[in-house]
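Here's the structure, in structure tokens; my notes come after.
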Amino acid sequence: MTLTKKKRFVIRSVILALLALAVAYTLYANLKGDRDLVREGDPAPDFVLKDLNGNSYRLSDYRGKGVFLNFWGTYCKPCKKEMPYIDRAYRKYKDRGVEVIAVNVGETDMTIQNFVDKYGLSFPVVVDREGEVQDAYDIFPLPATFLIDADGKIVKYYEGELTEDLVEQFMERVKP
Amino acid sequence: MAQLSSNLLFAAFVVYLIAIGFFGGSIRQKKGLEDQYQEQKGNVSGNIAIGLTILGFLLQIGYFITRWIASGHAPVSNMFEFVTFFSIMFVGAFIIIYYLYRSATLGLFTLSIALLIIAYGSMFPRDITPLIPALQSHWLVIHVMTAAAGEGILAISFISGLIYLIKMVDQEKRSRKTAWLELVLYFLVVVLGYVLISGVFQGTGYQAEFEWIDKNGQTAVQEYHLPALVGPNGWQLQTEGRMEPFAELPPILNAKKVNTVLWSFIAGTVLYLLIRFIARKRIGEILHPLTKKMNEDLLDEISYRSVLIGFPVFSLGALVFAMIWAQIAWSRFWGWDPKEVWALVTWLFYAAFLHLRISRGWHGEKSAWLAVIGFAIIMFNLVFVNLVIAGLHSYAAP
Amino acid sequence: MNQVKCECGHVNPPGTILCESCGKILVESEEKKKVLDMRYEGTARRSQTYNRTLVDKIWNFFSSVKVAVTIIVVTLIASAIGTFLPQESTLPLSVSVKEYYESEYGFAGRLFYALGFHNLYGSWWYMLLIALIGVSLVICSLDRVVPLYKALKKQRVTRHAGFLKRQRLFSSGGDIKELDAHYELLKERLRKRHYKVLEENGNLMAEKGRFSRWGPYVNHLGLIIFLIGVMLRFVPGMYVDESLTIKEGETKAIPGTNKQYYLKNHAFIVETYDPEKDKAFEKTLKERGPIVKNYQTNVTLYKAESPAVAGEQPKLEKVKDYQIRVNQPLKFDHYSVYQSGFLLNEISAMTFALADKKTGKEFGTFRVDLERPQKKYDLQEGYSVEILSYFPDFVMGEDGEPTSKSQKPNNPAFVFKMVTPDKPDGEISFVAIQQNLEPDGNNQYQIKFKSVETVNYSGLTVRKDHTLWILAVGGLIFMIGVIQGSYWNHRRIWIQRVNSEVWISAHTNKNWFSLQKEIARILEGIRLPVPQDQLKDGNKRNLEGVLDGTVEQ
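Chains as they are written, first to last, in the numbering used here: chain A, 1 to 176; chain B, 1 to 398; chain C, 1 to 553.
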């Protein structure tokens, strides 16, 4: 039994198509980077962390507001640089329904307090002592910023130092 | 027990040396071409030669077993042990091939290289070392021994490929081929040079201690066993009366290793020039007469067959078992560690070799060159990757 | 193109070179050859026959062995390049990648980084190479195995004369009476050598090892399955790879398990070889120093009774106790936790004393817990020490100000303010390991280091890998195929009556010498001409005289 021209064409096309699909998927998966959890469009994992005074902050309590979630450390230079911008922008947008939660990666209270005092930060600063929130958000490089909308969805993930303009833009974006 | 082990190895070395002589004699005694129709008793010399080879092999097995008993673990855990074990597999593979093809020429060359390998391995620290936790597993035996067996079989293809080239490359006039072949032989001389120079200085117990500044600005100590031609960054000689280096190396390089490599090349080059000067011929030319009695098609078949036999064993040992063990010990079956990558490179190379042989155009000389390159890759993995490119996997003996 | 009907009656697919059944040459150009190309039994390899559409052209491209070898070689070279300098993944996390290559390796490093080689094995083009190997595997195999299988199935015993005389091993002019006389003997000898013997009209065909022809295709299938397994790792959920650093006494959620599982580190133990007990290693241990014999983490595995959000501690119930060692991971659910590394003697607390520099008199000691340093430590009446700044991993910043590299207490440093009755405004002292600075000039008091407490951290790796079994199956099939194809040969011997002569032809896919030897043995004592290698000139391969000793070796 020999293949008719048409049959042969169909079989070959199907096989090639499948192969092309596999290759394309592999390349796509590789190019989209290491983050396969917690990407833009995903719901933001809920968490609860305490600040330096022992007050608890739970992310899901902020439904209805936009959240500017920033992960930082005092030893991270770009984090230091962007803090003043975030504080300034926060003061502006606080009344427009945007909250800032700054998650410290787990340094000592003293170090964090010194930092907060030095920069006069007015937004909630919580401490992820166990590192669980960093795991949940797949944090690797610092600083890392997530924009969460009023429905609890991540609309943007930004890695690296923010400029003052960007901070403003971001806050504007998650304004409910 | 450990001493017995060393003695057995030494005895094997001597026996192989004698066997080489008999293989040489066997070649001379043959009247026609060597091809596979030697299945009759063969000549007296040849029989003595293979008998001695088997004896040497058994002595080496004896070394292996006694060392296993002495150390409590399979003796394949450091550079010396592995290289020596590789030589055992190499000779073992040869014995099997000998009974298939009865080639005394193959014997001559194989044992010579086997001696070189044993000598090279012996230059490394021979102390019995205990196993670090990562090596405490049955897989040490399974993976390392199978991989070495595969490499030993593949190495036979190198020998027959080399003999092929020595026989077939026209030595009448200089050409690119004579140059490349000579380069391969030169490298063998360099290894010999390394063995001689290390042997001499180790024999005299030469030792020189240097204090130096590493790349983090910390003070460190390096102990040299060869006179220092090059020294480490910011060196300060601690041992009195020892040679002071001519040049200082940046801290990123391991000065002691560079020094050893330098010495190897110097000794090797001197040795090579001496040979050229005395013989007035290229080494390829000198060795040529030894290969005249060997049928080149048979050499080609031996090359191909050893790759065909060795490739599955190598795949199994160096890739499959390696991946299984890596998964168990390091939680990931593949990590792109330099040694893993070079095992992959070796595997891909021999896969390419087998595929190229589908075309008749690649039989014969091209195949021989490929067999030589393949062995070079294996040796690169053994020497460079183990010693120079340190990684999770290295036996790096400083 | 049309199907071709052979004179023997068999209808062949278009493009067939040798009739599938009798082997007659159907393509004129082949008749000129002395020896036939038997690699694919003369079947119409689809790709060589049809070349019209784009689909065909792509198919033909990937079905070429030359292309496959090229891809293999390129992959091989690319892989080697990635080993010249360390890959990005091996660098410590705190380092800036680009700077590292430039500062450590200079120009070579800059070039390496610029070309993207620092992350070679994860780059899109390397993946593309591997993917192309996969594509080539599929198409090469399909293109050849289907026709080959059909041809070997359809072959007849009696072959066309043109086929027989163009086999590589061939002899003619045999005496028919000799064949008749030893017919049964020949069959028996062949059978003894594991040949399957078929007869047709007094013609014999002996075949063995056909299964080894499929070896390459089986191993290709194995590789394809393996590559599919590799590809599946990208699918979210199939693969988890996390690391957990946990110190003694701590209970932490196991990352990657969504807080379902917790681990408590009871103790981390390191043992070194004892030169007294293990005498065999005495010499080595004396020269090289201590060598680690074993390290393990004694843990308890807990399961969370109810789901909890990050940052919350749920109620835990114990699952089991285990000692995690290298080569002996903790396994539960689909997860495995491996012992990968450890940090010994990390400083957890430091005890200092406030003392008068001149007299050395101490006014009290205080203990600083490096995780929870206090702002102030009261010592005696009027004596206290305040910590103004704490740098866990001290480095001098570029601006000359002290700062910290990370949050890990690798190199603790403090700025202390010593408050004493006679110095109520306090004196400032900067204290680091082996460093004591007094920024305000000569102090009267100093902080003396008294003692340190350490703790051990265990480094664990957490894995979940649903693709492992696929990779294992692929690997197994690959090994079967490679053994199947390498260690056996496919051999066929035809002994046929042609024009009142006996012709003997033989074919194998490899190891021609061995086949010749075997045939010579089979024909021993029988006066039929031994097949000669038609590809050899000068006929050094004349077997005839050798076995009966008439030709000297």
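All residues carry an ideal CB built from backbone N, CA and C; glycine is no exception. Values in this document were obtained by computation on a predicted structure and should not be read as measured data.
Can you tell me whether residue i is helix, strand or coil according to DSSP?
i	result
Leu204 of chain C	strand
Arg228 of chain B	Checking the sequence, you will find Ala at residue 228 of chain B rather than Arg. Reduced to three states, the DSSP call for Ala228 of chain B is coil.
Tyr37 of chain B	Its pLDDT being 49, under 50, Tyr37 of chain B is placed unreliably by the model, and the measurement read from it follows with that caveat. Coil.
Gly401 of chain B	A query on residue 401 of chain B cannot be resolved here, the shown segment of chain B reaching from 1 to 398 and no further.
Thr108 of chain A	coil
Ile428 of chain C	strand
Gly234 of chain B	coil
Val65 of chain C	helix
Pro412 of chain C	coil
Phe140 of chain A	coil
Trp503 of chain C	strand
Trp336 of chain B	coil
Ser137 of chain B	coil
Ser175 of chain B	coil
Thr260 of chain B	helix
Pro529 of chain C	coil
Ser29 of chain C	helix
Trp59 of chain C	helix
Using a cut-off of 9 Å between C-beta atoms, extract the partners of residue i located in chain C.
i	result
Phe311 of chain B	Val482, Ser486
Ile142 of chain B	The premise fails here: Ile142 of chain B is roughly 13 Å from chain C at the closest Cβ pair, so nothing lies under 9 Å.
Report the neighbours of residue i on chain C: residues whose CB is nearer than 7 Å to its CB, in chain order.
i	result
Val320 of chain B	Gly475, Met479
Thr108 of chain A	Glu371, Arg372, Pro373, Tyr390
Pro338 of chain B	Thr83
So which residues on chain B does residue i lean against when the C-beta distance must stay under 7 Å?
i	result
Glu104 of chain C	Ile252
Thr508 of chain C	The contacting residues do not exist; Thr508 of chain C stays about 12 Å from chain B at best.
Which residues in the same chain as residue i place their Cβ atom closer than 6 Å to its Cβ, once the five residues preceding and following it in sequence are excluded?
i	result
Ile133 of chain C	Ile71
Glu226 of chain A	Chain A is shown only over 1 to 176; residue 226 of chain A falls outside these bounds and no answer can be derived.
Ser306 of chain C	Pro314
Gln236 of chain B	Glu211
Pro216 of chain C	Gly485
Glu207 of chain C	Lys196, Arg492
Lys448 of chain C	Ala353, Ala355
Ala472 of chain C	none
Return the chain-ordered list of same chain residues with a C-beta closer than 7 Å to the C-beta of residue i, the five sequence neighbours on each side being excluded.
i	result
Ala220 of chain B	Trp212, Asp214
Leu129 of chain C	Ile71, Val74, Thr75, Ala78
Thr178 of chain B	Val169, Gln171, Arg282, Gly284
Asp149 of chain A	Gly66, Val155, Val174
Thr146 of chain B	Val313, Leu316, Gly317, Phe321
Tyr37 of chain B	A caution first: Tyr37 of chain B carries a pLDDT of 49, below 50, which makes its placement in the model too unreliable to give a value.
What are the residues that DSSP puts in a beta bridge with residue i?
i	result
Glu188 of chain C	Bridge partners of Glu188 of chain C: none, in fact.
Val48 of chain A	A:Arg58
Trp72 of chain A	A:Asn104
Lys331 of chain C	C:Ser336
Val498 of chain C	C:Glu501
Please list, in chain order, the chain A residues whose beta carbon lies closer than 8 Å to that of residue i.
i	result
Pro439 of chain C	Here the premise fails: no neighbours, minimum Cβ distance about 17 Å.
Using a cut-off of 8 Å between C-beta atoms, extract the partners of residue i located in chain B.
i	result
Lys283 of chain C	Asp127, Ile128
Ile291 of chain C	Thr129, Pro130, Ile132
Thr454 of chain C	Simply none; closest approach about 21 Å.
Output, in chain order, the set of chain A residues within a Cβ distance shorter than 7 Å of residue i.
i	result
Pro255 of chain C	Asp135
Lys405 of chain C	Tyr75
Between residue i and the rest of its own chain, which residues show a CB-CB distance below 8 Å, the 5 nearest in sequence each way excluded?
i	result
Glu39 of chain B	The predicted model places Glu39 of chain B with a pLDDT of 47, which falls under 50 and marks its position as unreliable, so this point remains unresolved.
Original post:
Can you list, in chain order, the residues of the region 298-324 of chain C whose Cβ is nearer than 9 Å to any Cβ on chain B?
Top reply: Within the region 298-324 of chain C, no residue qualifies.
Subject >> Members of the region 107-134 of chain B that neighbour chain C once the beta carbon cut-off is set at 9 Å >> reply: Result list: Pro125, Asp127, Ile128, Thr129, Pro130, Leu131, Ile132, Pro133, Ala134.
Subject >> chain C contacts made by the region 358-379 of chain B, where a contact means CB separation under 8 Å >> reply: Taken in chain order, the members of the region 358-379 of chain B whose beta-carbon sits within less than 8 Å of a beta-carbon on chain C are Ile358, Ser359.
**OP:** May I ask you to list, following chain order, the residues of the region 20-49 of chain A that have a beta carbon less than 8 Å from some beta carbon of chain C?
**Re:** Under the 8 Å Cβ criterion, the region 20-49 of chain A contributes Ala22, Val23, Tyr25, Thr26, Leu27, Ala29, Asn30, Leu31, Asp36, Leu37, Pro45, Asp46, Phe47, Val48, Leu49.
Original post:
Which residues, in order along the region 257-274 of chain C, keep a beta-carbon less than 8 Å from a beta-carbon of chain B?
Top reply: Of all residues in the region 257-274 of chain C, Tyr273 have a Cβ within less than 8 Å of some Cβ in chain B.
Original post:
In the region 72-85 of chain B, which residues sit with their C-beta less than 9 Å from some C-beta in chain C, listed in chain order?
Top reply: Within the region 72-85 of chain B, the qualifying residues are Gly72.
Original post:
Taking a cut of 9 Å between CB atoms, which residues from the region 49-83 of chain C lie near chain A?
Top reply: Within the region 49-83 of chain C, the qualifying residues are Tyr50, Arg52, Thr53, Val55, Asp56, Ile58, Trp59, Phe62.
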